[in-house]
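Chemist: Take this structure, written in structure tokens, and hold onto it; I'll ask about it next.
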Amino acid sequence: MGYLAQFLGLDAKKGSKGDLTNVPDAPDGCPTPDNPGKIVPFRSMPMPTEPRYFDEMEAQAIDMQAQKRKQMVASTQKGYRGLETVVQSDAAVADAHYRFKTTDAIEGLKQAQSQAQFQSVLMDLKPGYKQIENQLEFNNQQADKKIEWIENDLDNALKILAL
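In structure tokens, the structure reads:
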């Protein structure tokens, strides 16, 4: 591939910076390299395609249209400046939103890591709790045996006294 193909990323390997397969879609109607939109010359009225003469009435009508358009230039420019401000504001809001989502994702990962670490520690403690449970069960069994032994001795002593 030539220099232009490399520059445009046409020979990009999957996952490289020139690979555009995973690029998110631009907002609707927003021009992109792959979708520049319809680029046409702007004409507010039809233009003659070849030389011609104009009569006085045509010349006056064209002059009136020219004056109207001249007056509309300032308001049109003002309108486009307003649209630029709207687009810039939308971009600023989108930027803030996606910075928030990035922070939220990073902090969410930190929370998940903390929860996983906590659960891991709890699982590591499980054998210790099982050992305590076994020890308590053994102690209860020993206590039950001693109580049974004492009860037997007491029964034997009462039998001897009853004789």
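In the working numbering, the protein residues as written are 503 to 665.
Beta carbons: idealized from backbone N, C-alpha and C, even for Gly.
Return helix, strand or coil for residue 608, following the three-state DSSP convention.
Modeler: For this step, residue 608 is matched to residue 106 along the sequence shown. DSSP places residue 608 in helix when its eight states are reduced to three.
Chemist: Mind reading off the beta-carbon distance from residue 546 to residue 571? Whole number of angstroms is fine, and I expect it under 8 Å.
Modeler: One-based indexing of the sequence shown puts residue 546 at position 44. One-based indexing of the sequence shown puts residue 571 at position 69. Yes, residue 546 and residue 571 are in contact; Cβ-Cβ is about 6 Å, under 8 Å.
Chemist: For residue 546, does the three-state DSSP call read helix, strand or coil?
Modeler: Here residue 546 is taken as the residue at index 44 of the sequence shown, counted from 1. Residue 546: coil per DSSP, three-state reduction.
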